[in-house]
Every structure is written in structure tokens, then in C-alpha cells.
RNA sequence: CGGGGUGUAGCGCAGCCCGGUAGCGCGCGUCGUUCGGGACGACGAGGUCGUGGGUUCAAAUCCCGCCACCCCGACCA
């Protein structure tokens with residue numbers, strides 16, 4: 138069922154791009170590296186967004202919005218931060234165009250040069266912390282638990298729809314706390330929320346852990362990550378939550394008076410997930426027939442196809458089922474297009490990943506049944522129409538669970554151990570997936586292994602399984618294994 | 001920024017080597033027959049052949065410049 142792993146990544150890449158296009162998710166845009174998200178693709182993002190937003194709000198967060206433009210000087214306040222992002226910033230230098238004197242369209246008006254150039258946000262820590270300085274005076278102002286839904290721009294050299302685009306949509310949470318412990322707990326809380334969302338809603342299992350210093354967010358003291366495994370054996374960083382220590386508070390001079398009337402710098406976190414999750418969703422579940430959506434995130438969970446074409450008799454028969462499904466909170470649509478034939482519609486809805494298709498024709502009406510087809514296994518069965526709403530409701534739950542299980546099995550099949558460099562290299566190269574190996578803990582070794590094999594340490598397990606061994610590169614002692622993988 | 005490749009109808013491509021004024025499939029429109037797994041037939045619409053120059057009686061085709069995009073690297077929280 139699942140897409141077979143191929144070492145020829147261009148095949149996999151083509152398969153992915155075909156799904157994006159054929160399932161009507163996104164198009165290339167006129168701007169290099171930016172994509173147009175089409176209504177169906179955006180509907181999936183909206184389902185994700187609404188669910189995440191609810192989870193943030195349940196844990197005391199509120200939404201706000203900060204400017205798109207950041208004065209260039211803000212970026213350089215935090216040394217690591219500017220170093221991390223400087224190479225991929227879009228910069229606004231002027232604020233006016235004028236007619237070209239030679240009549241060939243418009244040019245930038247040189248007299249409209251900005252005093253201070255503006256950077257299109259690659260992330261908002263700087264402008265938000267510059268604002269927080271004015272909002273925080275006392276411990277009574279803390280914690281400050283704010284999230285924003287926004288777009289950001291990172292001028293990446295190579296892009297791929299959803300997985301890495303120059304402009305992308307995301308949420309970024311920025312919180313301020315009175316103590317180190319509280320900020321760390323916040324970073325861990327969000328990390329847990331991301332993992333729960335990935336598994337319960339996306340049916341995408343993730344590894345949880347912290348990043349090595351080398352892979353940490355620019356300006357963070359600790360980065361927590363969730364890492365998923367795609368069907369071509371590559372890992373996808375799906376969401377990060379950062380403990381920022383007092384780095385940004387110091388850079389933007391954000392202090393507060395504690396209960397003892399002493400001045401302290403505040404403690405911070407930031408965290409985000411993006412439209413990259415849509416790419417992860419596609420790559421986790423899709424097959425050669427197209428997209429496969431987990432019911433909890435499918436814009437349409439059940440599509441009713443009249444056979445051979447719409448009629449008032451079929452609509453009346455199906456209408457009762459639709460009402461019963463809606464009563465149970467299931468989103469259902471009736472395909473009333475009378476131009477397309479049933480076979481075409483079947484293929485089309487499969488392409489778009491609709492979890493359950495219900496076929497209704499005269500034959501079914503005579504027998505008092507409907508034909509129920511599930512997208513994940515392609516199985517079809519004839520179900521009495523009277524109990525169909527209950528059957529389909531539980532079938533949706535079963536599909537959700539099956540997709541997660543399938544992905545878990547795939548990950549288990551593509552998780553291995555290596556005790557020497559040659560085994561490691563061949564596992565990474567031929568099998569893909571996560572390869573657990575011993576590492577001496579140094580950035581130097583991490584980088585050398587990356588250079589030799591393209592594999593990176595995806596995370597450091599939070600509760601590592603004790604397993605003494607020797608680093609596959611240097612032979613130095615190691616207390617536990619870390620998962621390596623090639624990553625997107 | 002290096003190495004390779006491609007620009008021809010909405011999409012995917014052929015034609016280029018060997019110059020003669022543009023074609024195929026899908027899609028699109030109309031009509032008819034169809035309709036329980038991507039229908040078929042007939043007719044039809046749609047193209048500054050990426051762009052600028054050169055050679056030639058004549059350029060999609062040959063030559064030179066430029067631009068864009070894709071792939072592999074580099075890069076990438």
C-alpha cells in the first residue's frame with residue numbers, strides 16, 4: 138500500500154509533486170520559491186490550524202499580531218539569531234516606484250530610499266521582544282502567553298511545495314516567564330502538544346527529543362523537536378519548541394520586578410509549526426492513487442456518489458444518510474455533478490484523499506443498502522442503509538487508527554541500529570529511516586558524520602535507553618544511542 | 001556560486017541533427033451515443049516556438065548574447 142522506498146529520490150520527488158498538483162492542493166506561483174495554496178489545500182491547513190489553535194487556547198494562550206516588517210537593526214541584537222537568519226532575509230529598501238524615464242514601465246524611485254531598511258520577518262522574536270519590553274514591568278505581568286498566526290519569508294536556495302517554500306504560513310508562540318523552570322515547562326508543554334497533534338490528528342508518529350547544540354534554533358538554549366519519518370526514508374522536522382533562556386530578554390532589555398522587589402530578566406520560549414505539516418501529511422500517508430487523508434483532518438470525510446448520475450430518488454435516499462451523519466458530526470457531501478461519470482468521480486475523490494466514499498444506485502436502493510469504500514485500504518462493502526451512519530462513523534475512527542498504525546509499522550520497519558561506520562553508511566544509504574548509533578557527543582563528530590553520509594542527528598532522546606557503546610566515528614565511549622537520518 | 005539539463009497551446013511532449021513557415025496526447029467547447037471504476041465518435045477553439053541579435057531567399061531548426069525554470073551539489077532550525 139505504502140509508497141515504496143526508492144533510492145532515486147527524483148522519482149519520489151516527482152510522486153510528491155504529482156500528488157500536490159493532482160489532489161488540487163497547490164500551484165507554483167509567479168514568484169520563485171513561493172506557492173499558491175489552492176482552496177482544497179488551504180482547507181486542510183485550516184483544519185490543522187483550528188485544532189492547534191484550540192489546543193493552545195486550552196492551555197491559556199491568546200492570539201495577537203505583530204508587524205510583517207522588522208527594522209534591520211533588531212535582527213542584530215542577538216548575535217546567534219542574526220547569524221542564523223542573515224543569509225536568507227528579504228529586505229525592503231525603498232517605499233516608492235516611479236515611471237521609468239525611458240517609458241519602459243516602472244523603476245524604484247532612488248529618492249525614496251528608507252532611512253533604516255526593513256527585513257521581512259523570517260521569524261518574529263526580535264520585533265516581539267522589542268514590544269514585550271513595554272508590556273512587562275512586574276511579575277504580575279507574567280506569564281505572557283501569546284501566539285500569532287502569520288506568514289514569514291525565508292529566502293531558501295531550494296524550495297519544494299509545502300516542505301520548504303520561500304514564504305510560508307505558520308503559528309509562532311512567544312512567551313515570557315518569571316522563572317527558568319516555568320519557561321522550560323512551557324517549552325515542554327508545547328512540545329507535548331505538537332507530538333499529540335501529530336499522532337492524534339495527523340496520524341503521523343513522531344520521535345520527541347532535543348536538538349544537538351549544532352542544530353539548535355539561533356538564539357535558543359534548548360530546542361525541542363518532533364521528527365517524523367517520510368515514506369522515502371527521510372526524516373522531517375515537523376515542529377520545534379525553544380527554551381530561549383534570557384537571551385532575548387537581555388538583547389531587548391526586558392526586565393521585571395519580582396515579588397522581592399528585585400529586578401530580573403525574564404525567561405522566554407518560542408515555538409512554531411508551519412504549512413510544512415501539510416507536506417508531512419502528504420508524504421506520510423499517500424499512495425500511488427493519490428492523497429490519503431486522516432479523517433480528523435479531511436475537509437470532506439464522506440463523499441456520496443450517485444450512480445450512474447444524480448437523481449431526485451437517489452438524493453432523497455442519500456439525504457437521510459447525510460442527515461444522520463451530520464447529526465454525528467461527520468462532514469459529508471453529495472456529488473451532484475451530472476457531467477462526470479461515476480468511475481471518473483471515484484478516481485477523483487481517491488486522488489483528493491476523501492476517507493470514505495459512499496456509492497448509491499438503483500440497485501442499492503432496491504436492496505436497501507449503500508456501497509461503502511474506504512480510501513486507506515480501498516476495500517468496498519455493501520452496508521444496510523439503516524445502520525450506515527453508525528457504521529461509517531466508526532469506520533472513520535478505524536481509518537484514523539489504521540493510518541497511525543500503518544505509519545508506526547513503517548517506522549518500526551525503517552528503524553535500525555549500527556555499531557560501525559560501514560554498517561551505518563549502508564543503512565543510511567540503502568535502507569533509509571532512523572539509524573540509532575553511538576556518538577561521542579561532540580559537534581565536530583556530528584559534522585564529520587554529516588559530511589560523510591548526509592545523515593544528521595535528528596534529536597537527543599529525552600529519556601535515553603541506557604546502552605553503553607563506542608562512537609561509530611571516534612570510538613570514544615557513549616552512554617546511549619541517538620537517531621540519525623537524512624532529513625528534508 | 002559550481003556541474004548538468006530544459007524552455008514549442010492550459011498541462012505533458014515530438015519536431016531541431018539534415019532550414020521550407022508547427023504537430024501529437026491529455027484537457028477545453030458544441031452535438032450525438034453512452035453512464036455500477038478514469039467513455040466513444042464527429043466537428044471545433046487555442047501557439048509572439050523564452051528573449052535579443054546574427055547568418056540565409058527562407059530560422060522552432062544553424063551561430064552568438066541574455067533571461068527563466070528544473071535536477072545534482074553548495075546552502076537550509
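Numbering (my numbering), first residue to last: 138 to 625. For each residue, glycine too, the CB sits at the ideal point set by N, CA and C.
Can you tell me whether residue i is buried or exposed? The criterion is at least 16 other CB atoms within 10 Å of its CB, across all chains shown.
i           : result
residue 284 : buried
residue 360 : buried
residue 152 : buried
residue 384 : buried
residue 200 : exposed
residue 140 : Any reading at residue 140 is ruled out, since the residue's pLDDT is 45, under 50, leaving its predicted position unreliable.
residue 622 : buried
residue 616 : exposed
residue 291 : buried
residue 216 : exposed
Go ahead and pull the three-state DSSP assignment for residue i.
i           : result
residue 252 : strand
residue 237 : coil
residue 187 : helix
residue 273 : coil
residue 154 : helix
residue 497 : strand
residue 210 : helix
residue 571 : strand
residue 591 : coil
residue 196 : coil
residue 355 : coil
residue 386 : helix
residue 427 : strand
residue 443 : strand
residue 437 : coil
residue 204 : coil
residue 554 : strand
residue 177 : helix
residue 449 : helix
residue 596 : coil
residue 318 : helix
Bridge partners of residue i, per DSSP?
i           : result
residue 521 : 506
residue 400 : 394
residue 286 : 308
residue 410 : 308
residue 168 : DSSP lists no partner for residue 168.
residue 231 : 250
residue 345 : 363
residue 618 : 575
residue 542 : In DSSP, residue 542 forms no bridge with anything.
residue 470 : 440
For residue i, which residues from the same chain have a beta carbon less than 8 Å from its beta carbon, with the 5 sequence-adjacent residues on both sides left out?
i           : result
residue 288 : 205, 304, 305, 306, 307
residue 275 : 393, 394
residue 536 : 431, 432, 492, 493, 511, 512, 513
residue 347 : 359, 360, 361, 362, 596, 597, 599
Can you grab the Cα-Cα spacing for the pair residue i / residue j, in whole Å?
i           : j           : result
residue 508 : residue 444 : 11 Å
residue 312 : residue 356 : 15 Å
residue 222 : residue 265 : 16 Å
residue 490 : residue 496 : 16 Å
residue 436 : residue 485 : 15 Å
residue 584 : residue 375 : 22 Å
residue 470 : residue 500 : 21 Å
residue 427 : residue 150 : 14 Å
residue 382 : residue 540 : 38 Å
residue 377 : residue 364 : 9 Å
residue 589 : residue 570 : 17 Å
residue 504 : residue 451 : 13 Å
residue 464 : residue 522 : 16 Å
residue 142 : residue 568 : Note that residue 142 scores 43 on pLDDT, short of 50, meaning its location in the model is unreliable and no value can be drawn from it.
residue 185 : residue 232 : 36 Å
Kindly list the residues whose CB is nearer than 7 Å to the CB of residue i, restricted to its own chain and excluding five residues on each side of it in sequence; keep chain order.
i           : result
residue 611 : 577, 582
residue 243 : 234, 235, 236, 237
residue 166 : 172, 173
residue 230 : 250, 251, 254
residue 175 : 161, 162, 163, 164
residue 446 : 475
residue 380 : 320, 321, 324, 357, 358, 359, 406
residue 293 : 170, 225, 301, 303
Give every residue of the same chain whose Cβ lies closer than 6 Å to the Cβ of residue i, excluding the five residues on either side of it in the sequence, and list them in chain order.
i           : result
residue 252 : none
residue 416 : 299, 300
residue 282 : 197, 198, 312
residue 608 : 575, 576, 577, 615
residue 562 : 590
residue 488 : 159, 160, 427
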